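If you count the sequence shown from 1, you need to add 19 to reach our numbering.
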Amino acid sequence: MRLMYFAVPGRAEASRLALALSGMEWEDVEIDGNTFQKMRQDGLLPWDMLPVLETDQGMLAESSAILRFAGEKAGLLPEDAFMRAKVNEFLDGMGPIARAMDTTFGIEDAEERIRLRKSLFEPNGAATKAMKTYEEKLAQSPHGWAAGTEEMSIADLKLFTELFAFFSGNYDGIEPSMLEGYEILLAYHHQMATEPRIRHHYRDITSDDIRWTFLPNAFDS
Ligand SMILES: N[C@@H](CCC(=O)N[C@@H](CS)C(=O)NCC(=O)O)C(=O)O
């Protein structure tokens with residue numbers, strides 16, 4: 020199988036993690052802008068977007084669908100139907116923050132882009148609202164996992180990779196200091212980053228890598 024996405028964590032990192040933890044054979048294919056346009060023109064993208072997972076049964080699109088597929092193979096979905104639905108609820112519930120960020124990508128004027136991104140983290144901003152909601156859900160979770168599961172699930176892979184990647188420096192206007200005061204999220208970061216499979220996956224990542232936000236002590240200072 021081949022997972023195809025741009026050379027950033029973004030909407031593919033959770034699936035990359037799930038694929039890695041599944042033990043299946045797969046290839047991580049980084050796509051540049053020209054290749055993306057060509058794939059689009061050639062009709063290779065079911066919904067005209069990335070990520071996609073090329074499988075021997077055909078092309079699978081939509082990051083959450085790919086994550087569910089890879090997560091199932093990795094044993095990262097609960098057996099109980101209700102709890103599996105709660106995991107799906109969490110994946111879908113994370114939509115607003117991603118959509119809010121999406122509105123900033125096409126803005127060419129850097130000042131305006133930065134202003135808009137910072138506004139997402141103001142008291143009534145979409146990012147603030149989402150982060151408070153995540154904290155509430157984590158506080159209610161019996162084992163500290165995102166969707167209230169007994170074990171780590173794909174909801175955790177998505178929350179951990181998509182949320183903390185915002186603070187990597189890759190998105191101008193968003194800084195690690197914006198996490199200050201979010202003690203529950205920071206404790207959750209520690210829980211995820213030190214989870215043995217996650218820690219092992221990122222064992223070769225250094226602090227100058229775009230994935231530094233997934234390292235155990237990333238936000239200590
Ligand atoms: N709902 C889709 C959204 C995918 C999406 O927005 N992909 C972006 C990259 S993160 C993309 O392909 N953008 C290129 C474009 O729209 O031209 C998913 O979750 O996979």
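Think of the CB as a built atom: it goes at the ideal place given N, C-alpha and C, for glycine as much as any other residue. Source: prediction; values computed, not measured.
Residues near residue i by beta carbon distance below 6 Å, same chain, minus five either side
i	result
residue 31	24, 70
residue 165	109, 174, 175, 178
residue 58	64
residue 40	93, 216
residue 84	none
residue 126	132
7 Å CB neighbourhood of residue i in its chain, flanking five on each side removed
i	result
residue 177	33, 86, 110, 113
residue 63	78
residue 207	157, 163
residue 242	The structure shown does not extend to residue 242, since the chain is modelled only from 20 to 240, so the question has no answer here.
residue 211	175, 179, 217
residue 26	49
residue 230	28, 221, 224
residue 43	20, 92
Residue i, DSSP secondary structure in three states
i	result
residue 15	The first residue shown for the chain is 20 and the last is 240, placing residue 15 beyond what the model contains.
residue 59	helix
residue 80	strand
residue 121	helix
residue 47	strand
residue 207	helix
residue 72	strand
residue 153	helix
residue 23	strand
residue 145	helix
residue 139	helix
residue 176	helix
residue 53	helix
residue 230	helix
residue 193	coil
residue 223	coil
residue 102	helix
residue 182	helix
residue 34	helix
residue 41	helix
Same chain only: Cβ atoms within 8 Å of residue i, ignoring 5 sequence neighbours per side
i	result
residue 158	203
residue 201	150, 154
residue 96	87, 90, 103, 106, 172, 173
Expected contact under 8 Å - CB spacing of residue i and residue j to nearest Å
i	j	result
residue 20	residue 73	6 Å
residue 243	residue 89	The structure shown does not extend to residue 243, since the chain is modelled only from 20 through 240, so no value can be given for it.
residue 232	residue 196	No, residue 232 and residue 196 are not in contact; Cβ-Cβ is about 13 Å, not under 8 Å.
residue 191	residue 129	7 Å
residue 193	residue 185	5 Å
residue 47	residue 22	6 Å
Contact test: residue i Cβ vs ligand 3 heavy atom, cutoff 7 Å
i	result
residue 81	No copy of ligand 3 occurs in the structure displayed; its ligands are ligand 1 alone.
CB contact check: residue i to chain D, cutoff 8 Å
i	result
residue 240	Among the chains in the structure shown there is no chain D, since it carries only a single protein chain.
Next on the checklist: Closer than 8 Å is the cut-off here; do at least three beta carbon pairs connect the segment 173-193 with the segment 99-109?
Outcome noted: yes
Item to check | the segment 137-146 / the segment 118-125 touching (three or more Cβ pairs under 8 Å) | outcome: yes
Item to check | Inter-stretch contact at 8 Å, needing at least 3 Cβ pairs: the segment 121-139 / the segment 45-59 | outcome: no
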